[in-house]
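K.L.:
Mind the numbering: the sequence shown is residues 36 to 269 in our numbering, read in order. Glycine residues also receive a C-beta, built at the ideal position from the N, C-alpha and C atoms. Just dropping this structure here.
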Amino acid sequence: MTLSGPHPKWLTFDCYGTLIQWDEGLLAAMDRILAGNRRSIDRDVFIAVYDRHEHRLEAERPHRSFQDVSATALALAMKEFALEVSPGDADLLTSSISRMPPFPEVVETLARLKAAGFKLAIISNTDDAIIAGNVAQLGGWVDRVITAEQAGAYKPTRQIFQYAWQELGVEKEQLVHVCASPHLDLAAARELGFKTVWVDRGTGRKPLADYAPDAIIARLDELPDLLSAAGWME
């Protein structure tokens with residue numbers, strides 16, 4: 036699959052799982068949270084339960100902060116496994132998210148994209164204070180960070196993307212969105228009709244059955260070649 040069309044002004048990125056090592060960081064945080072438990076807990080199953088509660092809470096109205104969402108989702112998951120919640124567990128989780136590092140190839144790739152003249156933005160389901168620690172690790176190459184806190188809504192709703200485009204001052208035809216999350220970002224693209232590059236990092240997550248991204252790459256450092264093939268960078 037290749038990209039085509041007019042040269043985009045902006046490249047927008049999902050953050051966690053696309054630029055930042057979400058699965059690895061979340062597993063490490065859950066290991067610490069579950070370390071004092073005497074029962075054997077399958078951490079992958081636990082994280083799937085946590086994710087289910089998180090996504091349900093993000094869809095509720097009125098809008099909750101991600102700090103609240105993550106704390107409540109963690110407490111509900113712990114309850115489902117009949118585990119005792121410690122007072123510091125929620126803070127441990129959110130502080131761990133802020134410290135999650137980028138994938139090894141990310142900073143250098145963002146530098147190449149900036150040098151080629153692209154504007155770079157992040158659109159993320161989080162709070163400003165939480166993502167600040169992650170953005171600080173990205174080499175200063177990101178021009179704008181749009182969060183669910185700013186938009187008052189989470190992906191995959193159209194509200195957060197329309198808010199982002201308004202803030203960036205572009206139409207959807209003037210950007211390409213790069214993401215690793217099929218059931219959030221690609222679901223929104225299916226509804227709103229913007230171009231997407233899916234970063235399939237081999238996590239087992241699959242695109243929606245009724246939607247195909249415009250292009251698929253395995254790592255972010257494959258993006259410059261993809262954009263070059265479209266005639267958008269040398």
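Could you pull the DSSP bridge partners for K154 from this structure?
P.N.:
W45
K.L.:
Would you report the Cα separation of K114 and T161, rounded to the nearest angstrom?
P.N.:
24 Å
K.L.:
Assuming S105 and E95 make a contact with CB atoms under 8 Å, what is their CB distance in whole Å?
P.N.:
About 14 Å; that fails the 8 Å criterion.
K.L.:
List the whole-angstrom C-beta distance separating A250 from V232, where the pair is believed to meet the contact cut-off of C-beta under 8 Å.
P.N.:
Contact holds; Cβ gap of about 5 Å.
K.L.:
Hey, is the stretch 197-215 in contact with the stretch 38-49, meaning 3+ C-beta pairs nearer than 8 Å?
P.N.:
yes
K.L.:
Is it the case that the stretch 169-178 contacts the stretch 144-152, given that we only count it when at least three CB pairs across the two stretches are under 8 Å?
P.N.:
yes
K.L.:
Suppose the cutoff is 7 Å on Cβ atoms and the five residues either side in sequence are ignored; what does the same chain contact list for I195 look like?
P.N.:
I158, A183, A186, A188, Y189
K.L.:
Please report the distance separating the alpha-carbon of P191 from that of H218.
P.N.:
8 Å
K.L.:
State the Cα-Cα distance for the pair S75 and L173, rounded to the nearest angstrom.
P.N.:
36 Å
K.L.:
Is the beta carbon of Y85 less than 7 Å from the beta carbon of A125?
P.N.:
In this structure, Y85 keeps its C-beta atom at 7 Å or more from the C-beta atom of A125.
K.L.:
For a test of the three-state rule: what should DSSP assign to T53, helix, strand or coil?
P.N.:
coil
K.L.:
Just list the alpha helix (DSSP H) runs in the stretch 96-162, keeping only unbroken ones of 4 residues or longer that don't cross its boundaries, in chain order.
P.N.:
DSSP assignment within the stretch 96-162 yields the following whole alpha helix (DSSP H) runs of 4 residues or more, N-terminal first: 101-115, 124-134, 141-150.
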